[in-house]
């Protein structure tokens, strides 16, 4: 399955975490580990809907990330992939599919991100690019954000 | 887009063509150019639903084809890919995405199959494997079948 996983119990309701992942006004507030930022976020949150998140590095260079939502269960589950840039236009490189789940657990939320790849090389590259640290820091920022929304 | 296309005006209502593509009892009757056949067909026709079509060669060798439906508009549109074998398990090799549309045209149906690939190599391979002939013969068989259903 070539899967990388991040799971965390977060002291916030599911609805807020889901909103932070889907509201284009909130994504820039947590999505990139600082000093990286997000200069543009667009989300069409429905199966087949496209998303665009432009990441900006500290030197101003921009990296557009395009994807398509595959499955949407509001406040429970969100699946998207970079295998398509729109419904149904293949991307330059199908790299990953992310499966996010938000579950109630003792008044908090069990937040789980499963990120699957098509090849052993891709999962190794993602790990080497710093998946654990990058998603870890982004999730710290997400946890901070949901205190305030 | 690395696309291969087959378009044909077929003298049958959209509903019958859609049924021939989705009913597991009908798929074996037209899907493979003879003397190839289909020994098993399973379809879970909804976004994220899996499909399995086992093709059988004249010598009895079997070739399972697994995929997932991405978009389903009954009697109008059907999109599926072999990039997943189930929702959302990446397949061994994301090779193609097929977009089928069924449109009314002067009492007949304009049937269009657009088959998209992720790489130039894959589209060239699919063409070399005989896309035009293979899909052409299968569509002849489809056209015959819908006269009788």
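Chains as they are written, first to last, in this note's numbering: chain A, 289 to 437; chain B, 289 to 437. For each residue, glycine too, the CB sits at the ideal point set by N, CA and C.
Decide if residue i is buried, meaning its Cβ has at least 16 other Cβ atoms within 10 Å, or exposed.
| i | result |
| --- | --- |
| residue 297(B) | exposed |
| residue 385(B) | buried |
| residue 361(B) | exposed |
| residue 308(A) | buried |
| residue 394(B) | exposed |
| residue 378(B) | buried |
| residue 319(A) | buried |
| residue 382(B) | buried |
What residue range is occupied by the uninterrupted beta strand (DSSP E) comprising residue i?
| i | result |
| --- | --- |
| residue 437(B) | Taken as a continuous stretch (DSSP letters only), residue 437(B) belongs to no beta strand (DSSP E), as it is neither H nor E. |
| residue 381(A) | Careful: residue 381(A) lies outside any beta strand (DSSP E) and carries neither H nor E. |
| residue 402(A) | 396-405 |
| residue 341(A) | 338-344 |
| residue 358(A) | 350-361 |
| residue 367(A) | 365-369 |
| residue 374(B) | 372-374 |
For the alpha helix (DSSP H) containing residue i, list its first residue and its last residue.
| i | result |
| --- | --- |
| residue 290(B) | Residue 290(B) -> no alpha helix (DSSP H), and no H or E assigned at all. |
| residue 322(A) | First-last for residue 322(A): undefined, no H or E at that position. |
| residue 310(A) | 302-310 |
| residue 408(A) | 408-416 |
Please confirm if residue i has its CB atom under 8 Å from at least one CB of chain B.
| i | result |
| --- | --- |
| residue 437(A) | no |
| residue 406(A) | yes |
Hey, is residue i's beta-carbon within less than 8 Å of any beta-carbon in chain A?
| i | result |
| --- | --- |
| residue 289(B) | yes |
Exercise. At a Cβ cut of 7 Å, what residues of the region 368-401 of chain A count as close to chain B, listed as they run along the chain?
Worked result: Listed in chain order, the positions of the region 368-401 of chain A with a beta carbon within less than 7 Å of a beta carbon of chain B are 371, 375, 376, 377, 378, 382, 385 and 387.
For this session: Inspect the CB distances between the region 363-380 of chain A and the region 335-342 of chain A and report whether three or more fall short of 8 Å.
Result: For the pair of segments examined, the region 363-380 of chain A was found to touch the region 335-342 of chain A: the number of CB pairs separated by less than 8 Å reaches three.
Exercise. If you measure beta-carbon to beta-carbon, which residues of the region 320-337 of chain A are closer than 7 Å to chain B?
Worked result: Flagged, chain order: 335 and 336.
Exercise. Using a Cβ cut-off of 7 Å, which residues of the region 353-368 of chain A contact any Cβ in chain B, in chain order?
Worked result: Listed in sequence order: 358, 359 and 367.
Exercise. Is there contact between the region 389-403 of chain B and the region 407-418 of chain A, where contact requires at least three CB pairs shorter than 8 Å?
Worked result: These segments do not touch.
Problem set entry | Three CB pairs or more closer than 8 Å across the region 312-328 of chain B and the region 340-357 of chain B | A contact exists between the region 312-328 of chain B and the region 340-357 of chain B.
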